[in-house]
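To get this note's numbering, take the position in the sequence shown, counting from 1, and add 197.
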Amino acid sequence: MALSIFDIFKIGIGPSSSHTVGPMWAGHRFLNDLREKGILDSISSVRVGLYGSLALTGKGHSTDKAAILGLAGYRPDGVDPDIADQAFEDIVNTGVMKLAGERDIPFNYDHQMVFHFGEELEHPNGMRIYASDKNGIVVYYKTYLSVGGGFVVCADEFNSKDKQNGTDSPVDDVPSIPYSFKNAAELLQLCEQHKLTIAELVMANEKVLAGGDEEQVSANIDAIWDVMRNCIDRGLRMEGELPVSNMKRRASSMHQQLMANPEAMLKDHFSIMDWVTLFAMAVNEENACGGRVVTAPTNGAAGIIPAVLAYYTRFIDGADHKGVRDFIATSAAIGMLYKMNATISGAEAGCQAEVGSACSMAAGALAAVMGGNVHQVENAAEIGMEHNLGMTCDPIGGLVQVPCIERNGMAAIKAITATRMAMRGDGNHEVSLDSCIETMYRTGLDLQSKYRETSQGGLAVFAKPQCVA
Ligand code: SF4
């Protein structure tokens, strides 16, 4: 099936696309199944089992909260982040869940939310949901795999290699698109053959996917940018501590420092780097706090594309609304290449699959809106990934905080550098984006599981607190 811009960029809540957004969608899909089978009204209890990385880092990523709220009828794109915590605590404290938002059933967190440590299903991010009738007999259960970026597939879909289906969109209803591509080489060839930019090609596909409603597509893209912008703005304002770790939020004080000394912009040639870093950190602090974010392509890497896009709108002469839409469409096309040919899941291939993919997407998109030809765009995207290869996922405490927040700032800067390198050339280069994507995937498969979002290696194990005199 064809991937859409809105499969890559999904509005949801933090802190993790695979551990929060995906499990909430799984709950939603499970309810749909119960409805379709006509048994929703007869269900007296539900039970959730978390496996692999969802068990190991599920608490830190709020996987339990997400799965339960999903079964209670909340959706990632609709739930108000400000009430999600309270809604979850109410269910845990009262022992009562409103199944599908319709009918109260008992829910004992200690017995009905089970963390299967050390057990894994078909994918590192596995979960199983059971529904029982009034006699306690399991009448339906389903296995879901959260394959990154908020995409959730059933075990049978995963085994049939239909790894592209996300959320709850039915596979059979998707119309065929005019410009189908499987890899970067085909994408470039189509662009050249039809004299289209990548953004134009993707928008033509998207129009068909939206039933011909181009205005709706543009409105949906604008909505994505609105959420990203609001996320930056809120992250710049909010003070206090990050959840669980109680580490201080830093974006707000960094923002105040930069605002207090605007002349520095004129003297310090690198001060724009501070702003770009700040934009990314603001988003990722919001993500860590469970705020409203856009998967780009994941929550852990959610700050990079907004930061580079904010760099474009605020610091590049001639930046305009069309450029913003083109940026989002181009970056989505590059994200589709990773999704189709590799993975965007840190649990599958380490942080290179999340932050590396986002860096690549941002670099290519920036090259496009800076006037680069399709080969320069592909070159920028390739550089953006090449220098993230091998990057492990080792979040301290299973929280999407360290190294994630700073890492987004670093990757946003790296994306801009990648674009600038590509724009100095003519698009000819040694390593193709396709081979770089394949290298990322194969490298990810070679990584020991302790470096793939299990918090059992790297910084998660060896980092020691730094004493400040
Ligand atoms: S280290 Fe990277 S992949 Fe792992 S949780 Fe953080 S941002 Fe995501």
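Note that CB positions come from ideal geometry on N, CA and C, so glycine has one too.
Under 8 Å between C-beta atoms of Ala559 and Gly532: Working through the sequence shown from its first residue, we reach residue 559 at position 362. Working through the sequence shown from its first residue, we reach residue 532 at position 335. No, the pair does not count as a contact, with Cβ atoms beyond the cut-off.
Under a three-way DSSP split, which group does Val350 fall into? Your numbering for residue 350 matches position 153 in the sequence shown. Correct three-state label for Val350: strand.
Which residue or residues does DSSP assign as beta-bridge partners of Ser329? Translated into the one-based positions of the sequence shown, residue 329 becomes position 132. Looking at the DSSP assignment, Ser329 forms a beta bridge with Ser242 and Val335.
Can you give me the C-alpha to C-alpha distance between Ser554 and Asp238, rounded to a whole angstrom? Indexing the sequence shown from 1 puts residue 554 at position 357. Indexing the sequence shown from 1 puts residue 238 at position 41. Going from the Cα of Ser554 to the Cα of Asp238 covers about 43 Å.
Stretch-stretch touch, CB-based, cutoff 8 Å, three pairs: the region 215-227 with the region 343-358: yes
Just reading off the beta strand (DSSP E) that Gly209 is part of, what are its end residues? As a first step, residue 209 must be located in the sequence shown, where it is residue number 12. Annotation for Gly209: the continuous beta strand (DSSP E) segment containing it runs Ile208 to Ile210.
So what's Ile236 in DSSP terms, helix, strand or just coil? Along the sequence shown, one-based indexing puts residue 236 at 39. In the structure shown, Ile236 sits in coil (DSSP, three-state: anything other than H, G, I, E or B).
From Leu253 to Asn427, what distance separates their C-alpha atoms? For the purposes of this step, residue 253 is taken as the residue at position 56 of the sequence shown. For the purposes of this step, residue 427 is taken as the residue at position 230 of the sequence shown. C-alpha of Leu253 to C-alpha of Asn427: approximately 32 Å in a straight line.
What is the rounded straight-line gap between the Cα of Ala666 and the Cα of His626? Translated into positions along the sequence shown, residue 666 becomes position 469. Translated into positions along the sequence shown, residue 626 becomes position 429. Any reading at Ala666 needs caution, since the residue's pLDDT is 49, under 50, leaving its predicted position unreliable; the model's value is listed next. Rounded to whole angstroms, Ala666 to His626 spans 48 Å at the Cα level.
For the 8 Å Cβ check, are there 3 or more pairs between the region 329-338 and the region 514-525? no
Which value, in whole angstroms, describes the spacing of the CA atoms of Gly219 and Ser468? By one-based count along the sequence shown, residue 219 stands at place 22. By one-based count along the sequence shown, residue 468 stands at place 271. One C-alpha to the other measures close to 37 Å.
Would DSSP call Glu460 helix, strand or coil? By 1-based counting over the sequence shown, the position of residue 460 is 263. Glu460 falls in the coil class under three-state DSSP.
In the structure shown, what three-state DSSP assignment does Met435 receive? Taking the sequence shown and counting its residues from 1, one reaches residue 435 at position 238. DSSP places Met435 in coil when its eight states are reduced to three.
Could you give the residue range of the alpha helix (DSSP H) that holds Ile302? Along the sequence shown, read from residue 1 onward, the residue named residue 302 stands at position 105. Boundaries around Ile302 are those of the beta strand (DSSP E), Arg300 to Pro303, since no alpha helix (DSSP H) includes it.
Met294, DSSP secondary structure in three states: What you label residue 294 is simply residue 97 of the sequence shown in a count that begins at 1. Met294: strand per DSSP, three-state reduction.
Could you compute how far the alpha carbon of Thr527 sits from the alpha carbon of Ala297? What you label residue 527 is simply residue 330 of the sequence shown in a count that begins at 1. What you label residue 297 is simply residue 100 of the sequence shown in a count that begins at 1. Using only the alpha carbons, I get a separation of about 37 Å.
Measuring only from the beta carbon, is Asp423 closer than 7 Å to any heavy atom that is part of the ligand SF4? By one-based count along the sequence shown, residue 423 stands at place 226. No; taking the cut-off as 7 Å, the Cβ of Asp423 has no heavy atom of the ligand SF4 nearer than that.
Check whether the Cβ atoms of Ala619 and Gln573 lie closer than 8 Å to each other. If you number the sequence shown from 1, residue 619 lands on position 422. If you number the sequence shown from 1, residue 573 lands on position 376. Yes, these two residues count as a Cβ contact at 8 Å.
Can you give me the Cβ contacts of Ala660 inside the same chain, cut-off strictly under 8 Å, excluding the 5 residues immediately before and after it? On the sequence shown, residue 660 is found 463 positions in, with the first residue counted as 1. Taken in chain order, the residues that qualify are Ile593 and Val599.
For Cys590 and Thr651, the rounded distance between their alpha carbons: Taking the sequence shown and counting its residues from 1, one reaches residue 651 at position 454. Taking the sequence shown and counting its residues from 1, one reaches residue 590 at position 393. The straight-line gap from Cα to Cα measures roughly 8 Å.
So which of Gly323, Trp472, Gly515 and Cys486 has the shortest CA-CA distance to Ile501? Taking the first residue of the sequence shown as 1, we reach residue 501 at position 304. Minimum Cα distance to Ile501 is reached at Trp472.
Of all Cβ atoms in chain D, is any one closer than 8 Å to the Cβ of Ser652? Absent from the structure is chain D; it holds one protein chain and no more.
Between Ala657 and Glu233, what straight-line distance do the alpha-carbon atoms span, to the nearest angstrom? As a working note, residue 657 is residue 460 in the sequence shown. As a working note, residue 233 is residue 36 in the sequence shown. Spanning the two alpha carbons is a distance of roughly 43 Å.
Between His216, Asn290, Ile236 and Asp277, which has its C-alpha nearest Thr260's C-alpha? The residue you call residue 260 lines up with position 63 of the sequence shown. Of the candidates His216, Asn290, Ile236 and Asp277, the one whose C-alpha sits nearest the C-alpha of Thr260 is His216.
Could you round the C-beta distance between Ile236 and Tyr337 to whole angstroms and report it? I think they count as a contact, below 8 Å. For the purposes of this step, residue 236 is taken as residue 39 along the sequence shown, with counting starting at 1. For the purposes of this step, residue 337 is taken as residue 140 along the sequence shown, with counting starting at 1. Going by Cβ atoms, the distance from Ile236 to Tyr337 rounds to 7 Å, so yes, they are a contact pair.
For His313 and Asn271, believed in contact at Cβ under 8 Å, the rounded distance: Taking the sequence shown and counting its residues from 1, the one referred to as residue 271 is at position 74. Taking the sequence shown and counting its residues from 1, the one referred to as residue 313 is at position 116. Just to set this straight, residue 271 is Tyr in the shown sequence, not Asn. About 24 Å separates the two Cβ atoms, so there is no contact after all.
Excluding sequence positions up to five away, which residues of its chain have a Cβ less than 7 Å from the Cβ of Met462? Numbered from its first residue, the sequence shown carries residue 462 at position 265. Leaving aside the five residues that flank Met462 on each side, the residues in its chain whose CB is nearer than 7 Å to its CB run, in chain order, Ser468.
Under 8 Å by Cβ, that's how I've got Glu483 and Val491 pegged, so tell me the actual separation to the nearest angstrom. Your numbering for residue 483 matches position 286 in the sequence shown. Your numbering for residue 491 matches position 294 in the sequence shown. Glu483 to Val491, Cβ: 11 Å. No contact.
Could you have a look at Leu318 and say whether DSSP puts it in helix, strand or coil? As a first step, residue 318 must be located in the sequence shown, where it is residue number 121. Reduced to three states, the DSSP call for Leu318 is coil.
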